[in-house]
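Enquirer: A single structure is presented below for examination.
Residue numbers (this note's numbering): 3 to 306.
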C-alpha cells in the first residue's frame, strides 16, 4: 500500500514538474502596439507611435492624355512643341502622370496648436525622358495665429479651377513665401496681416508688353497683405488689400525720356462672397488646405 502511494506521489510530482517546464518554454506573446486613431482634428489622423503628434497623410494620382489639332492650347509646347495631329512635324499625343503627396502633423502644446504641413508634386510628362519634375507646393508651420513658410497668399479668396490652369489660367492659386498672423474673434470672424514674397505673385506680363514702355526692376520691400474674413454655415466672405513696392525703368514710353527711373507703392483691393446652396452645395468648398475652419485662430489660413 505504501509502495503504491509512493508511486502515485512520484507521478504527481513528475506531472507538476513537466507542466512547470512547459510554462517556462512557452514565453507569453508581447502585447501588440497598435497605431492609435487621433480624432481631435477630424477624420484620417493617427498618433505617431511614441508621441502626442497626430499625422494625416493624403494625396492623389493624376494621369492624362492630350491630343488635338489646335496647336498649343493645351500648354504642351515646352517639351514637345504644339499638339497638332494634322502636321507631320507636329506631336499628336501628349501624356502626363502626376502624384500629389501631403503630410499634415499637429501637436497640442500648452501654448497652443503646433502644425506643420508639407505638400509636393512629382510629375513626369512626354519629353521628360524619364526624369521627374518636383514642385514644393506648400511647406509651412503654424503656431497659434502665426503662419510661416510657403503657403497660399492671404490676399487670395476663391482660387478658381483646381489644378486645371488651361481652363482658368488666371485663377489665383500661386503659393508664396510669407509670414503672417491671424486673429480669431469668434463666430467664424478673423483678421489677418502678413508680409509676403512678391516674386511668385507677379504673374502679369511686363507693362512694356502693353506698349507703356515700363519694366520692373528690383523690389526692395515685401508685399504687405491684410484681410478680414467670415466663415459660417451659410458660406464665407472676405475683403482684402495689398501694398506692393514698384521700382520701374522707362524704355519706350511715349513722351517719357528713356532710362527714367521711378518708384511707387502700388495697391490692390478685393472682395468675395461664397454661398452654400441647399442640396447643391451642402458645405463650404475650400481648396486651401491650411484654411480649415476647425483650426483655432487660423480659420482663413493658406492652402492646396
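Virtual Cβ for every residue (Gly too), placed ideally from N, Cα, C.
If we ignore side chains and look at the alpha-carbon of each, how far apart do residue 114 and residue 233 end up?
Expert: Cα to Cα, residue 114 sits roughly 21 Å from residue 233.
Enquirer: Closest to residue 40 by C-alpha separation, out of 108, 124, 267, 187, would be which residue?
Expert: 108
Enquirer: Quick one: what's got a C-beta closer than 6 Å to residue 111's C-beta in the same chain, skipping five residues either side?
Expert: none
Enquirer: I need the DSSP call for residue 123, collapsed to helix, strand or coil.
Expert: Reduced to three states, the DSSP call for residue 123 is strand.
Enquirer: Whole angstroms is fine: what's the gap from residue 197's alpha carbon to residue 178's?
Expert: Distance between the alpha carbons of residue 197 and residue 178: 10 Å.
Enquirer: Given a cut-off of 8 Å, decide if residue 268 and residue 246 are closer than it, judged by their beta-carbon atoms.
Expert: It is a contact, given that the beta carbons lie within the stated cut-off.
Enquirer: So, is residue 224 buried or exposed, given that buried needs 16 or more other C-beta atoms within 10 angstroms?
Expert: buried
Enquirer: List the whole-angstrom C-beta distance separating residue 180 from residue 153, where the pair is believed to meet the contact cut-off of C-beta under 8 Å.
Expert: 6 Å
Enquirer: Could you spell out where the beta strand (DSSP E) holding residue 42 opens and where it closes?
Expert: Residue 42 -> no beta strand (DSSP E), and no H or E assigned at all.
Enquirer: Cα-Cα, which of 230, 125, 134 is closest to residue 271?
Expert: 230
Enquirer: Run through DSSP, which three-state label would residue 133 get?
Expert: coil
Enquirer: Assuming residue 307 and residue 242 are in contact, meaning their beta carbons sit under 8 Å apart, how far apart are those beta carbons, in whole angstroms?
Expert: The question about residue 307 has no answer, for the chain in this structure spans 3 to 306.
Enquirer: Could you please give the first and the last residue of the uninterrupted beta strand (DSSP E) stretch that includes residue 225?
Expert: 225-234
Enquirer: Going by the CB atoms, is the gap between residue 94 and residue 125 shorter than 8 Å?
Expert: no
Enquirer: Straight-line CA distance for residue 37 to residue 134?
Expert: 33 Å
Enquirer: Since residue 149 and residue 184 are thought to touch, with beta carbons under 8 Å apart, how far apart are those beta carbons, to the nearest angstrom?
Expert: 7 Å
Enquirer: Would residue 137 and residue 123 qualify as a contact pair, given that the criterion is a beta-carbon distance under 8 Å?
Expert: Between residue 137 and residue 123, the C-beta gap is smaller than 8 Å, which places the two residues in contact.
Enquirer: Whole angstroms are fine: how far does the CA of residue 119 sit from the CA of residue 139?
Expert: 10 Å
Enquirer: Can you tell me whether residue 151 is buried or exposed? The criterion is at least 16 other CB atoms within 10 Å of its CB, across all chains shown.
Expert: buried
Enquirer: Could you name the residues of the same chain whose beta carbon sits closer than 7 Å to that of residue 62, not counting the 5 residues immediately before and after it, in chain order?
Expert: For residue 62, where only same-chain residues beyond five positions count, the Cβ hits under 7 Å are 102.
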